[in-house]
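Residue numbers (the UniProt record's numbering): 1 to 310.
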């Protein structure tokens, strides 16, 4: 199977993406075999020859394995067991052809008693077949004659599941690549947000306001110190700075006069409201009363401001 290629890689390399799609869709099957007819025929011939060789090799290995089981089981007479050991050694290439002349009698004895040895081999193979049937279908007793079809069905299912797993693995790899890309974008966005928070316009605005408030606080502190020191000068008789003491007393008297004037205006407005209540209709009274209340609020705030300055 072709290795999966993430979607992001294909998007960044359009020419490679076209080549990859051409190979996947027109050249190769999901299992990696070719889709080209001529190459398919050549590959089919090679596959057939390879299959035949595999069958022949499997038969040889089965017979050798069964003969080894017969020898280990001691189900034959000793002379036949000895001849079987010699034949098994020759089949396993443990005896060179030059030594075959010496073992001619054992080979002749094996050939002459081949029906008995073949029966023992068949019994061993049948036992192995029953064991294989039980392994292939543990939950039910599978007849021996149905074992080939059952094995073919299992092989087909395994091949289909393997293809499905490969497809899911490719999709998973693509999804993981997308998740990694999204995670990277999220990290980049987080870094930008942190940069804006630490060094951006919001942070600069906050710092500017903090600096402004600091300056205001310093100004208020200096004003309080000046007023406190001026008050101490005045209480001490103004020996250190008489001019400042006189100026502060004059400023206080001026503020006091403004407060009295504003309070008088508030009183006049309240009397005006009372007159409206007596003389005009309810609609006009409500409108005028709202205007008066607004003016009254403005005056009260002005009074509070002046008192704060004192």
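We put the beta carbon where it would ideally sit given N, CA and C, even for glycine.
Beta-carbon gap between residue 27 and residue 33 smaller than 8 Å: Not closer than 8 Å, so no.
Cβ distance (whole Å) where residue 91 is taken to contact residue 71 below 8 Å: So it is not a contact: roughly 12 Å between Cβ atoms.
Exposed unless 16 or more other CB atoms sit within 10 angstroms - verdict on residue 106: Here residue 106 is buried: its Cβ has 16 or more other Cβ atoms, across all protein chains shown, within 10 Å.
C-beta atoms of residue 121 and residue 67 nearer than 8 Å: Contact flag set, yes.
Segment contact, 8 Å Cβ cut-off, at least three pairs: the segment 58-67 with the segment 116-133: Judged by Cβ distances under 8 Å, the segment 58-67 makes contact with the segment 116-133, as three or more pairs qualify.
Alpha helix (DSSP H) segments (min. 4 residues) lying fully within the segment 68-121: Correct list: 78-91, 104-112.
Span separating the alpha-carbon of residue 326 from that of residue 18: In the structure displayed, the chain extends from 1 to 310; residue 326 sits before or after that span and is not available.
Limits of the unbroken alpha helix (DSSP H) element including residue 14: In the DSSP assignment, residue 14 falls within the alpha helix (DSSP H) that extends over 14-22.
Whole runs of the alpha helix (DSSP H) within the segment 119-179, excluding any shorter than 4 residues: With a minimum length of 4 residues, no continuous alpha helix (DSSP H) run stays inside the segment 119-179.
Cross-strand partners of residue 34 (DSSP beta bridge): According to DSSP, residue 34 bridges with 28.
Three-state secondary structure (DSSP) of residue 238: Confidence is the limiting factor: at residue 238 the pLDDT is only 47, short of 50, which leaves the residue's position unreliable and the question unanswerable from this model.
Closer than 7 Å: residue 73 CB and nearest the ligand MN heavy atom: Although the ligand MN was asked about, the structure shown includes no ligands whatsoever.
Residue burial classification, residue 110 (beta-carbon count within 10 angstroms, cutoff 16): So residue 110 ends up on the buried side.
Through-space distance from residue 176 to residue 11, alpha-carbon basis: Approximately 16 Å, taken between the alpha carbons.
Residue from 182, 76, 29, 171 whose Cα sits closest to the Cα of residue 113: Looking at the Cα atoms, 76 is the closest of the given residues.
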